[in-house]
Structure formats: structure tokens, C-alpha cells
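>
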Amino acid sequence: MEKYAIEGTPKTPTISFDIQNGVLEIKGRSIPENSIEFYKPLVDALDKYSTASKPATTVNIQLEYFNTSSSKCILDVFKKLEAIHKGGSAVTINWHYEEDDEDMLEAGEDYQAIINVPFKMVQVAE
Amino acid sequence: MIDAFNIYDKMERHNILLSFKGDITSELLTSILQIMENKMDNMMEEPKTKKKVYNVLVECLQNLYHHMDDATDENGDKNRSAIFMIARNKGSYNIITGNYILNENIHGLKSRLDDVNSLNKDQLKDYYKAVLNNGEMSLKGGGGLGMIDIARKTGEKLDYNFLEIDNKVSFFTLIIKVTQPQLIQ
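So the protein sequences, as listed, match chains A and B. Residue 1 is where the first sequence starts when you use the numbering used here, and the numbers rise one by one after that. Residue 127 is where the second sequence starts when you use the numbering used here, and the numbers rise one by one after that.
What follows is the structure in C-alpha cells.
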């Protein structure tokens, strides 16, 4: 498995995980009623990746909306990334937020405070 | 005979943009969110306001969706029905939800709401992070973050009421006010 990809829907984000290059991207909206079910395959893919991770892993998160049901799952994803970081792959999480979206910036800072991985807050134009 | 004008007039006077009564399904939520996005686009609402309202709406509606079944009894499904309304007043939106709740569950919900209402902005942030990171995941996935998130994003107290229907169930009303961010100084 070199690539893991999921097309976005009105309630779930587009996910692309380029295992060959160590690049994970999550973009769009994450507001499903049942987010555990949605995020499980990604958590499993990260588990598998952790056994053969690249020297560097780049993570781009660009969410327009996410619900509280997703927030714990996103934390689970970040905890896997924290383990991968500890395991020797230099992980960077780029947390994108739209200019003026203070709630999304704060959400990124909440994760940054919990997870021991370098976070970069990236402002994007609306 | 149903007096449609009476209902229309009440909704008009309360500036109701949209209302729904019935079973809350996943497909319904998708449609409602789409309709509200279009409405706010048509009203040329500020992006910041649109985002706040959308975020809070998602949490309120998914709360209803997840807790609809809680008051269903063996006698039938009359309680598998809820109401929600979205009102646009001068400078704010009100999101109003109503659903049945078992009387035995009132105490727990009320103390959670009162806890959230007792906290200021910084305390809410700390509480959110603590609950986010407590390692507990409810089957429904939210893990008790919904109300904290609503209070954080709106900066308002959660306004609620329990109306006792009989010795088994009550009707729970929640009113969330979302002030248009550009009006907050």
C-alpha cells in the first residue's frame, strides 16, 4: 500500500496519505454523526505506517469545519503521529486556518498544547 | 381544524427562518445545513457569522440526533420526535431545539449545563482540553464536548428549560444565541 485516499463528501473530508513520500493531507469538512467509523481506517493506516515510517512526515490539516464528534478522532490521529515522531520520523503538523477564523486557530492551539509534535499555524486567505 | 395562520403568525413574529418538527435523521441534517448555508449566502451574511452559526448549528442538531432515542418508550414512538427552529433577530441568530427526555436523566443533564454555564472563557478552554484529552470516547463519538464547544464559540450562557409532561418524561428546550461577531466589541 503506497497511497491511501478518500474522496470528500459534504460531511467528511478528503484524505490523502502518500506513504511513499510521508505526506498526509486532510482537507474540507469533518462533521459526520459517527466519526469513529470514518476515522478508523486512517488510524489503522497510520499504525501500519509507523512500522516503516519515512525519515520525515509532513501533515497538512486544512479543515473548514469540524464537529466535536471529529475532534476526539483528530486527537487520536495526532497521538499516532506523536508516536511516529517519537519513533524517529520527524513529523510536522501544518494547521491551516482561514484569515479571521479565530475559532479554527484556537482549535489548532488546543491540539498543539496537548500533542508533543512541532505544529505550524498557517494562515490562508478566505 | 388546524389554524395555519396562527402558526405562521407566531413564526413571523419570532423571526423564524426555518423550523422542523419530526424525526431527526442524518439525511435531514445534511439538507438543513445545506439550506442554512444557502440562506446565509443569499442574505450576504459575513463569513465570520456564517461560520459561527454553521458550527453551532452542527453541534445543536447532532445533539438532537444522538439523543432522540433516549426518551423512546415501549408504548410507541411518539417521543421519537423533536423540534428545532432558527431565528434571525437584529444582530443575532437564535437556535432553538426541543426534545423529550426521561425524567431520571434531567438531573445529570442539568448539572452538566450548569457546570458549563459557571465557567468563564479561559475556564471553558481548559475544560474543553481536559475533556478532549480524557481518553474517553462515547459510543456516539462526542464524548461530552458539544455543550462546552457551543458555550466557547458563542460566548453566551446556555439557556434551557425542562417542562414536565408526566411522571416519566419532560420536554427539554435549549436556546442558543449566536451574536454576529462583528457586533462584539
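All C-beta atoms in this analysis are idealised placements derived from N, C-alpha and C, irrespective of residue type, glycine included. All of these numbers come straight from a predicted model, not from anything done at the bench.
(1) Determine the DSSP secondary structure at histidine 96 of chain A, reduced to helix, strand or coil.
(2) Looking at the secondary structure, which residues open and close the alpha helix (DSSP H) in which methionine 194 of chain B lies?
(3) How big is the Cα-Cα spacing for glycine 224 of chain B and asparagine 67 of chain A?
(4) Output needed in chain order: residues of the segment 8 to 38 of chain A with a Cβ under 7 Å from some Cβ in chain B.
(5) Specify, as a first and last residue, the run of the alpha helix (DSSP H) that serine 69 of chain A falls within.
(6) Tell me which residues share the same chain as threonine 12 of chain A and place their Cβ nearer than 6 Å to its Cβ, disregarding the 5 neighbours each side in the sequence.
(7) Does the CB of aspartate 100 of chain A have a neighbour CB from chain B at under 9 Å?
(8) Roughly how many whole angstroms lie between the Cα atoms of serine 35 of chain A and methionine 127 of chain B?
(9) Cβ of lysine 147 of chain B within 9 Å of Cβ of isoleucine 227 of chain B?
(10) I'd like to know whether the C-beta atoms of lysine 48 of chain A and glycine 22 of chain A end up nearer to each other than 9 Å.
(11) Have a look at alanine 5 of chain A and glycine 270 of chain B and give me their C-alpha separation to the nearest angstrom.
(12) If methionine 166 of chain B sits next to lysine 176 of chain B, beta carbons under 8 Å apart, how far is it from one beta carbon to the other, in whole angstroms?
(13) Would you mind telling me which residues of chain A sit closer than 7 Å to arginine 272 of chain B, beta carbon to beta carbon, in chain order?
(14) Just the chain A side, please: which residues come within less than 7 Å of leucine 183 of chain B by C-beta, in chain order?
(15) State the DSSP-derived secondary structure class of lysine 294 of chain B, mapped to helix, strand or coil.
(16) From glutamate 64 of chain A to aspartate 292 of chain B, what does the alpha carbon distance come to, in whole angstroms?
(17) Tell me the DSSP secondary structure of glutamate 64 of chain A in three-state form.
(18) Please report the Cβ distance between isoleucine 115 of chain A and glutamate 82 of chain A, rounded to the nearest whole angstrom; I am assuming they are in contact, meaning their Cβ atoms lie under 8 Å.
(19) Write down every uninterrupted run of the alpha helix (DSSP H) in the segment 224 to 282 of chain B whose length is 4 residues or greater and which is fully enclosed by it, in chain order.
(20) Is the Cβ of glutamine 311 of chain B closer than 9 Å to any Cβ of chain A?
(21) Quick check on the DSSP output: the beta strand (DSSP E) that includes valine 122 of chain A runs from which residue to which?
(22) Using a C-beta cutoff of 9 Å, does aspartate 44 of chain A count as contacting chain B?
(23) Which whole runs of the beta strand (DSSP E) in the segment 156 to 197 of chain B are 3 residues long or more, in chain order?
(24) Using a Cβ cut-off of 8 Å, pull out every chain A residue sitting near tyrosine 191 of chain B, in sequence order please.
(25) Considering Cα atoms alone, identify which of B:Glu163, B:Tyr219, B:Ser152 and B:Ser157 is closest to histidine 192 of chain B.
(26) Under 9 Å, Cβ to Cβ, is there at least one residue of chain A near isoleucine 258 of chain B?
(27) Establish whether the CB of isoleucine 82 of chain A and some CB of chain B are separated by less than 9 Å.
(28) Are the beta-carbon atoms of valine 304 of chain B and valine 184 of chain B separated by less than 9 Å?
(29) Please confirm if glycine 108 of chain A has its CB atom under 9 Å from at least one CB of chain B.
(30) Give a yes or no on whether the minimum CB-CB distance between tyrosine 65 of chain A and chain B is below 9 Å.
(31) Exposed or buried, leucine 289 of chain B, counting other C-beta atoms within 10 Å across all chains shown (16 or more means buried)?
If we stick to the structure as given:
(1) Locating residue 96 of chain A in the first sequence gives position 96, counting from the first residue. Histidine 96 of chain A falls in the strand class under three-state DSSP.
(2) The count along the second sequence starts at 1 and reaches residue 194 of chain B at position 68. Note, methionine 194 of chain B: premise wrong, no alpha helix (DSSP H); not H, not E.
(3) What you label residue 224 of chain B is simply residue 98 of the second sequence in a count that begins at 1. What you label residue 67 of chain A is simply residue 67 of the first sequence in a count that begins at 1. One Cα belongs to glycine 224 of chain B, the other to asparagine 67 of chain A, and the distance between them is close to 20 Å.
(4) Within the segment 8 to 38 of chain A, the residues whose Cβ lies closer than 7 Å to some Cβ of chain B are Pro10, Lys11, Ile31, Glu33, Asn34, Ser35 and Ile36, listed in chain order.
(5) On the first sequence, position 69 is the one that residue 69 of chain A refers to. Its alpha helix (DSSP H) spans residues 68 to 86.
(6) By 1-based counting over the first sequence, the position of residue 12 of chain A is 12. Pro32 and Phe38, listed in sequence order.
(7) Indexing the first sequence from 1 puts residue 100 of chain A at position 100. Yes, because at least one Cβ of chain B sits closer than 9 Å to the Cβ of aspartate 100 of chain A.
(8) Start at 1 with the first residue of the first sequence, and residue 35 of chain A comes out as number 35. Start at 1 with the first residue of the second sequence, and residue 127 of chain B comes out as number 1. If I take the Cα positions, the gap works out to 44 Å.
(9) On the second sequence, position 21 is the one that residue 147 of chain B refers to. On the second sequence, position 101 is the one that residue 227 of chain B refers to. No. Outside cutoff.
(10) Numbered from 1 along the first sequence, position 48 holds the residue referred to as residue 48 of chain A. Numbered from 1 along the first sequence, position 22 holds the residue referred to as residue 22 of chain A. Result no, Cβ atoms of lysine 48 of chain A and glycine 22 of chain A do not sit closer than 9 Å.
(11) Within the first sequence, residue 5 of chain A is the residue found at index 5, counting from 1. Within the second sequence, residue 270 of chain B is the residue found at index 144, counting from 1. Looking at the backbone, the Cα of alanine 5 of chain A and that of glycine 270 of chain B are separated by about 30 Å.
(12) Within the second sequence, the letter at position 40 stands for residue 166 of chain B. Within the second sequence, the letter at position 50 stands for residue 176 of chain B. Right, the Cβ-Cβ distance comes to about 5 Å (below 8 Å), so this counts as a contact.
(13) The sequence position of residue 272 of chain B within the second sequence is 146, counting from 1. Sequence check: residue 272 of chain B is glycine here, not arginine. For glycine 272 of chain B, the chain A residues whose Cβ falls inside 7 Å of its Cβ are Thr68, in order along the chain.
(14) Counted from its first residue, the second sequence places residue 183 of chain B at position 57. By Cβ distance, chain A contributes nothing, its closest Cβ being about 10 Å from leucine 183 of chain B, past 7 Å.
(15) Here residue 294 of chain B is taken as the residue at index 168 of the second sequence, counted from 1. DSSP places lysine 294 of chain B in coil when its eight states are reduced to three.
(16) Here residue 64 of chain A is taken as the residue at index 64 of the first sequence, counted from 1. Here residue 292 of chain B is taken as the residue at index 166 of the second sequence, counted from 1. If I take the Cα positions, the gap works out to 43 Å.
(17) On the first sequence, position 64 is the one that residue 64 of chain A refers to. Annotated three-state conformation of glutamate 64 of chain A is strand, per DSSP.
(18) As a first step, residue 115 of chain A must be located in the first sequence, where it is residue number 115. As a first step, residue 82 of chain A must be located in the first sequence, where it is residue number 82. Contact holds; Cβ gap of about 5 Å.
(19) Listed in chain order, the complete alpha helix (DSSP H) runs (minimum 4 residues) inside the segment 224 to 282 of chain B are 229 to 243, 247 to 258 and 272 to 280.
(20) In the second sequence, the residue the question calls residue 311 of chain B occupies position 185. With a pLDDT of 46 at glutamine 311 of chain B, under the threshold of 50, the modelled position of this residue cannot be trusted, and the question is left open.
(21) The residue you call residue 122 of chain A lines up with position 122 of the first sequence. Its beta strand (DSSP E) spans residues 119 to 124.
(22) Reading the first sequence from its first residue, position 44 is the one you call residue 44 of chain A. Answer no: the Cβ-Cβ gap between aspartate 44 of chain A and chain B never drops below 9 Å.
(23) Counting only runs of 3 or more, we get nothing.
(24) Position 65 of the second sequence, counting from 1, holds the residue named residue 191 of chain B. Contact of tyrosine 191 of chain B with chain A by beta-carbon distance below 8 Å involves Glu33.
(25) Looking up residue 192 of chain B in the second sequence gives position 66. Closest by alpha carbon: B:Ser152.
(26) Translated into the one-based positions of the second sequence, residue 258 of chain B becomes position 132. It is worth fixing the name first, because residue 258 of chain B is leucine in this sequence and not isoleucine. Closer than 9 Å to some Cβ of chain A, the Cβ of leucine 258 of chain B qualifies, so yes.
(27) Sequence index remark: in the first sequence, residue 82 of chain A carries index 82 (1-based). Position check: residue 82 of chain A holds glutamate in this sequence, whereas isoleucine was assumed. Judged by the 9 Å Cβ criterion, glutamate 82 of chain A is not in contact with chain B.
(28) In the second sequence, the residue the question calls residue 304 of chain B occupies position 178. In the second sequence, the residue the question calls residue 184 of chain B occupies position 58. No.
(29) Residue 108 of chain A sits at position 108 when you count from the first residue of the first sequence. It does not: the Cβ of glycine 108 of chain A has no partner Cβ on chain B nearer than 9 Å.
(30) If you number the first sequence from 1, residue 65 of chain A lands on position 65. For tyrosine 65 of chain A, the answer is yes, since a Cβ of chain B falls inside 9 Å of its Cβ.
(31) Counting from one through the second sequence, the residue named residue 289 of chain B turns up at place 163. It is exposed - the Cβ of leucine 289 of chain B has fewer than 16 other Cβ atoms within 10 Å.
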